[in-house]
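Colleague: All residue numbers for the sequence shown refer to this note's numbering, where the first residue is 37 and numbers rise by one.
From the three backbone atoms N, C-alpha and C, an ideal C-beta is built for every residue, glycine too.
Here it is, the structure in full.
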Amino acid sequence: MVDSNSYILGINCVYHESSACLLKDGQIIAAVEEERFTRVKHAKLASVDNPDVLPVNAISFCLKEADITWNDINFIGYSFEPKKWATQLDKSATIPGERKEGWGTIEGEEIFERKLKDIPYKLCQLDQEDITDKFLWLPHHLCHAGSAYFVSPYSEAAVLVVDGIGEVESTTLYRGKDNILSEIEAIACYPDSLGTLWETISVLMGFSKYDATKVMGLAAYGKEDQEYLEMFKTFVKVQGPIFTIDPEVLQDNDFTDDCSELENLFGLQKRKLNEKLEQKHADIALALQNLTDTILLNIANYLYDRVQSPNLCLAGGVALNCVSNQILQEKSPFKNLYIQPAAHDAGTAIGAAYCIWNQTLRKPRSYIMKTPYLGPDYSSEEIQTVLDRNQLQYSQVDNIEEMTATLISEGNVIGWFQGKMEIGPRALGNRSLVADPRNPNMREIMNQKVKHREDFRPFAPSVLEEYAQDWFKLPGDSLALGFMLFACDALEDKQSLIPAILHVDGTSRVQVVNQQLNPKYHRLIQAFYQITGVPLVLNTSFNDTEPIVCSPEDAVKTFLKTKIDYLAIGDFLVRK
């Protein structure tokens, strides 16, 4: 029986982006990604032999945040359904290749199934507590859908999930009404997968399969996409909302990183690490972006006809594509879009918890996810201990926002570490590097001296909500604007004032900063505005080729090994 003080734990670790989320009476107490603690990007690689590698640090944090034990938890939801997946087991035997085990082989899939069955047992081992009667398997795409709809501001909505693969699906449509999600149709199953297509092109471009964001950024440099678009159409067939992808062309790149068919098709070799990017790479990226926009718009039009709602919720890794999101907002029949900040697999921990609370238990919805700040925070005493242990020069000040704003206006790069850590792949003002958007050289400085990444990579602006429409063409008033999930055009008369945060196509991945939701970050930008007349700062994630920093120790390590000028951590200003 579920009464007041009911706790539900959601877990994701089936593939990657391992995470945990804890609800108390339908409210999020904590939600966090495992990579932030282990310092391993994505927590782990997606492998047949590791779906039982639990996000133990994320789970431990959630329990500690609520000050409870395993005995207090009423239900545990895991964002994968083995029985649903097992229906496709025999089909995996048809995947070509000579590998003896791994994805796409009978042996590999049997290992995967065995490891899945170990998960409840491994949970019992964490605290010597029998949780088997509390444990629920939940369909992966349903958890994606729940992570968007159940925390949205809408009482009814269409829901679109697009990713690499769930159990078998890659694109699924839902209808949300009050506290129930109903599946309408799974219109694509692996290997017909937009997520996998983006992973494959990422590898062809010389990046990792986790670098779709790089391909999206590179697409803005594309000039002539038509020739490559026609090449894509030879193996990606689109008819209305339905799309199919020839698996022989992709060659199961998700398993082998073999791009030979695509190399032959596009007339280029897979780019080697650090090899120069050429114009044709940008043109291919642009063709892929335009193809994706077309497919998603077709699906959205079809979904609107089925649901007839003005509201659309998006989830799955493809929902992190801010260019496509902007297209859907501008050109689809839907008036309102909602995307939560962890739209990728990490968000399925949130979805698993809410699918139990709202759908299984039939509890009314009472939570809207307006904030991403759901992770760890640290006291002044904890911060000072780390600073002293590292023998750093620092001062504790009452006006950290004003002092930081002044330093930014003077050309410094600041590590800004405040309050609770955000969930999702994008830093949103609590674990950020901030700098002056007016400096035309700042993007080069940040990419080369701080982030150590490709020169073409753009940076985003965090802009005061009160002035955002005076600087950017915003797509309505979606809460997702606070999560950096739309690519917005900067107004022409403002573009010359903020060159550091403009992409080559004149767009920016805008984060609108609300005073109530993040008062300290808002005060920082307000202070910068008073000094410069520009109500925004350059914002990028506080990291260097690793996960976003989580703890004061992480922040200090990154501060010391990069050319960050100052660290504003809590109310301490640290100098080099």
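1. With 16 other CB atoms within 10 Å as the buried threshold, where does Ala-184 fall?
2. Is Cys-586 close to chain B, meaning its C-beta is less than 7 angstroms from at least one C-beta of that chain?
3. Going by DSSP, which residues form a beta bridge with Ser-114?
4. Smallest Cα separation from Pro-588: which of Pro-511, Ile-481, Leu-45 and Val-610?
5. Taking the C-alpha atoms as reference points, what is the distance between Leu-364 and Cys-349?
6. Tell me which residues share the same chain as Ala-56 and place their Cβ nearer than 6 angstroms to its Cβ, disregarding the 5 neighbours each side in the sequence.
7. Taking the alpha carbon of Trp-121 as the point to measure from, which residue in Leu-286, Arg-479 and Gly-202 has its own alpha carbon closest?
8. Between the C-alpha atoms of Thr-543 and Leu-58, what's the straight-line distance to the nearest angstrom?
9. With a threshold of 16 other CB atoms inside 10 Å of the CB of Arg-342, please say whether the residue is buried or exposed.
10. Looking at the strands, I want to know which residues DSSP matches up with Asp-525.
11. Following the continuous alpha helix (DSSP H) through Asn-361, name the residue where it begins and the one where it ends.
12. Grab the span of the alpha helix (DSSP H) containing Tyr-210 for me, first residue to last.
13. Could you tell me how far apart the beta carbons of Met-457 and Gly-383 are, in whole angstroms, since I believe they sit closer than 8 angstroms?
14. Between which two residues does the beta strand (DSSP E) carrying Ala-94 extend?
15. Tell me the residue span of the beta strand (DSSP E) that contains Lys-273.
16. What three-state label does DSSP hand Asn-483 in the structure shown?
17. Quick check: Phe-608 and Tyr-430, are their CB atoms within less than 7 angstroms of each other?
18. For Thr-232, verify whether its CB is less than 6 angstroms away from any heavy atom of the ligand GDP.
19. How is the alpha helix (DSSP H) around Glu-437 delimited, first residue to last?
20. What residues in its chain sit with their C-beta under 6 angstroms from that of Thr-74, if we drop five residues either side in the sequence?
21. Can you give, in chain order, each stretch of the alpha helix (DSSP H) that sits fully within the stretch 566-598 and has at least 4 residues?
22. I need the boundaries of the beta strand (DSSP E) containing Ala-351, first residue and last residue.
23. What span of residues does the alpha helix (DSSP H) with Pro-156 cover, start to end?
Modeller: On the basis of the supplied data:
1. Numbered from 1 along the sequence shown, position 148 holds the residue referred to as residue 184. Ala-184 comes out buried.
2. Chain labels in this structure do not include chain B; a single protein chain is all it has.
3. Numbered from 1 along the sequence shown, position 78 holds the residue referred to as residue 114. Reading off the sequence, residue 114 comes out as Tyr, not Ser. Partner(s): Ile-47 and Trp-173.
4. Here residue 588 refers to the residue found at position 552 of the sequence shown. With distances taken between Cα atoms, Pro-588 lies closest to Val-610.
5. To locate residue 364, count along the sequence shown from 1; it is residue 328. To locate residue 349, count along the sequence shown from 1; it is residue 313. Straight-line Cα distance between these residues: approximately 11 angstroms.
6. One-based indexing of the sequence shown puts residue 56 at position 20. Only Ile-47, Pro-91, Ala-94, Ile-95, Cys-98 and Ala-385 meet the Cβ criterion.
7. Locating residue 121 in the sequence shown gives position 85, counting from the first residue. The shortest Cα separation from Trp-121 among Leu-286, Arg-479 and Gly-202 belongs to Gly-202.
8. The residue given as residue 543 occupies position 507 in the sequence shown. The residue given as residue 58 occupies position 22 in the sequence shown. If you take the alpha carbons of Thr-543 and Leu-58, they lie about 36 angstroms apart.
9. Locating residue 342 in the sequence shown gives position 306, where the first residue counts as 1. Flag for Arg-342 reads exposed.
10. For the purposes of this step, residue 525 is taken as residue 489 along the sequence shown, with counting starting at 1. DSSP lists Thr-543 as partners of Asp-525.
11. Here residue 361 corresponds to residue number 325 of the sequence shown, with the count starting at 1. Element bounds for Asn-361: 358-367.
12. To locate residue 210, count along the sequence shown from 1; it is residue 174. No alpha helix (DSSP H) holds Tyr-210; the beta strand (DSSP E) holding it covers 205-213.
13. Taking the sequence shown and counting its residues from 1, one reaches residue 457 at position 421. Taking the sequence shown and counting its residues from 1, one reaches residue 383 at position 347. Contact doesn't hold; Cβ gap of about 15 angstroms is too wide.
14. The sequence position of residue 94 within the sequence shown is 58, counting from 1. First-last for Ala-94: 92-102, but that is the alpha helix (DSSP H), not the beta strand (DSSP E).
15. Along the sequence shown, read from residue 1 onward, the residue named residue 273 stands at position 237. Run containing Lys-273: 272-275, per the beta strand (DSSP E) assignment.
16. Along the sequence shown, read from residue 1 onward, the residue named residue 483 stands at position 447. Three-state result, Asn-483: helix.
17. In the sequence shown, the residue the question calls residue 608 occupies position 572. In the sequence shown, the residue the question calls residue 430 occupies position 394. Closer than 7 angstroms, so yes.
18. In the structure shown, the ligand GDP is absent, as is every other ligand, since no ligand is present at all.
19. Translated into the one-based positions of the sequence shown, residue 437 becomes position 401. Unbroken alpha helix (DSSP H) run through Glu-437: 436-445.
20. Here residue 74 is taken as the residue at index 38 of the sequence shown, counted from 1. So the list is empty, once near-sequence residues are dropped.
21. 588-597
22. As a first step, residue 351 must be located in the sequence shown, where it is residue number 315. That run of the beta strand (DSSP E) goes 347-351.
23. Start at 1 with the first residue of the sequence shown, and residue 156 comes out as number 120. Segment 155-163, the alpha helix (DSSP H) holding Pro-156.
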